[in-house]
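If you count the sequence shown from 1, position 196 lands on 201 in this note's numbering, and the numbers rise without skipping.
First the structure, in the form of structure tokens, and then the observations on it.
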Amino acid sequence: MFEGFADTFIDTSGARIRVRHGGEGPPLLLLHGNPQTHVCWHKIANELAEDYHVVAADLRGYGDSSAPEPDADCANYSFRAMAQDQIEVMRALGHERFFLAGHDRGGRTAHRMMQDHPEAVAKCAILDILPSRHVWHNASRAWALKSWHWVFMPQTGGLPEAMMAAVPPEQFLTKMMVLPGNTRSVFDEEAWAEYVRCFTPKMIMASCADYRACATVDLDMDDADFGRKVEVPLMVMWGVRSHTQAVFDDALAVWRDYATHVEGGPVVSGHFIPEEVPEETLARFRAFFV
6 MFEGFADTFI DTSGARIRVR HGGEGPPLLL LHGNPQTHVC WHKIANELAE DYHVVAADLR
66 GYGDSSAPEP DADCANYSFR AMAQDQIEVM RALGHERFFL AGHDRGGRTA HRMMQDHPEA
126 VAKCAILDIL PSRHVWHNAS RAWALKSWHW VFMPQTGGLP EAMMAAVPPE QFLTKMMVLP
186 GNTRSVFDEE AWAEYVRCFT PKMIMASCAD YRACATVDLD MDDADFGRKV EVPLMVMWGV
246 RSHTQAVFDD ALAVWRDYAT HVEGGPVVSG HFIPEEVPEE TLARFRAFFV
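This is the structure:
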């Protein structure tokens, strides 16, 4: 996978970020979610590289990127901090302005990047999430049962880290990734092996810090910014079998409370859209990123 791509590390002001990049054309930054790495884009990266300079990066703390010791309030794992890393990555590669796509936590990083650095993002695609603020302010029993990790991983005192590290990586990843809307077969063996390899104490620590930040400092930022709509053109995709639709239903209506220019729609998929429906993802990206 990622044949012909350069594989490197870029030091930012807060972390060391693993990056694969290749292709020629307008720059396109791809950001993954939890509990994955940049590898989640492997089914479409080479095809996208025919038209774009594709940059697929691991978020701080995930994959092979470094994992700084969390601050007391986990602010260095906020989406603001993660977005700043990626801004610096793109600048290091010579790109001041670029297309952006994010799935899951990568989508939340993308949302914050559009708020903090609107001049850097030409267009953005967000896959299978709703704004974090909307999720927290509209939590329900149905949501909590499906998104149990959102309230488990922010717990303090080291208990989530200890419990996550106590089970085999395969078991935890299967619980997180093999959902009612998909099957294990959607993940290629090579990609799955990478997710298992990267599910280390370092990534467990960092991902818990990420989720703690989401429930605290990120939410404070989002509440403060609510009403200041994103002006960057936004395309939203979500899976009809994911709980984004099952719990919240009209994703476009929700996003229109947070962004001015919103388009998109559902795909016949579960949560892991780039791996479940790569052809549809590729087609929508090519049509949008022009």
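Note that the Cβ used here is the ideal one computed from N, Cα and C, for glycine as well.
These figures come from a predicted structure and were not determined experimentally.
Buried or exposed (CB count within 10 angstroms, at least 16 for buried), residue i
i           : result
residue 266 : exposed
residue 194 : exposed
residue 232 : exposed
residue 258 : exposed
residue 279 : buried
residue 227 : buried
residue 23  : buried
residue 162 : exposed
residue 281 : buried
residue 223 : buried
residue 142 : exposed
residue 18  : exposed
6 angstroms CB neighbourhood of residue i in its chain, flanking five on each side removed
i           : result
residue 260 : 241, 267
residue 44  : 196, 199
residue 111 : 36, 37, 38
residue 13  : 24
residue 147 : 252
Minimum C-alpha distance to residue i - residue among the options
i           : options            : result
residue 8   : 45, 54, 33         : 54
residue 293 : 273, 269, 284      : 269
residue 237 : 138, 177, 61, 128  : 128
residue 152 : 207, 135, 99       : 135
residue 49  : 10, 86, 20         : 10
residue 86  : 168, 103, 116, 43  : 116
residue 203 : 65, 34, 244        : 65
residue 74  : 230, 284, 254, 209 : 209
residue 69  : 37, 52, 93         : 37
residue 133 : 277, 295, 139, 289 : 277
residue 80  : 118, 289, 220      : 220
residue 284 : 27, 35, 47         : 47
residue 173 : 271, 114, 205      : 205
residue 25  : 113, 95, 19        : 95
residue 33  : 21, 20, 19, 58     : 58
residue 207 : 76, 88, 67         : 67
residue 272 : 89, 61, 186, 93    : 186
residue 218 : 63, 253, 160       : 160
Cutoff 7 angstroms; reference residue i; Cβ partners in own chain excluding five residues on either side
i           : result
residue 291 : 56
residue 97  : 15
residue 156 : 149
residue 178 : 40, 200, 201, 204
residue 286 : 49, 278, 279
Alpha-carbon spacing of residue i relative to residue j, whole angstroms
i           : j           : result
residue 16  : residue 124 : 22 angstroms
residue 275 : residue 248 : 8 angstroms
residue 165 : residue 263 : 32 angstroms
residue 216 : residue 31  : 32 angstroms
residue 188 : residue 181 : 12 angstroms
residue 158 : residue 213 : 5 angstroms
residue 184 : residue 149 : 15 angstroms
residue 91  : residue 39  : 17 angstroms
residue 256 : residue 78  : 30 angstroms
residue 101 : residue 42  : 24 angstroms
residue 234 : residue 138 : 13 angstroms
residue 118 : residue 225 : 16 angstroms
residue 170 : residue 52  : 36 angstroms
residue 289 : residue 244 : 14 angstroms
residue 145 : residue 21  : 37 angstroms
residue 60  : residue 121 : 20 angstroms
Any chain D beta carbon closer than 8 angstroms to residue i
i          : result
residue 47 : Of the protein chains in this structure there is only one, and it is not chain D.
Check: residue i C-beta below 7 angstroms from any heavy atom of the ligand FAD
i           : result
residue 277 : Within the structure as shown, the ligand FAD is missing, as the structure has no ligands at all.
Beta-carbon contacts of residue i that lie in its chain and below 8 angstroms, excluding the five residues immediately before and after
i           : result
residue 192 : 182, 200, 277, 280
residue 114 : 36, 64, 84, 87, 88, 91, 107
residue 71  : 20, 21, 22, 65
Runs of beta strand (DSSP E) lying entirely within the region 44-69, each at least 3 residues, in chain order: Runs found: 58-62.
Complete runs of the alpha helix (DSSP H) confined to the region 138-215 [at least 4 residues]: Counting whole runs of 4 or more residues, the region 138-215 contains the alpha helix (DSSP H) stretches 146-151, 153-157, 164-171, 174-182, 194-203.
Length-filtered (4 minimum) alpha helix (DSSP H) runs lying within the region 59-126: The qualifying runs are 84-97, 110-121.
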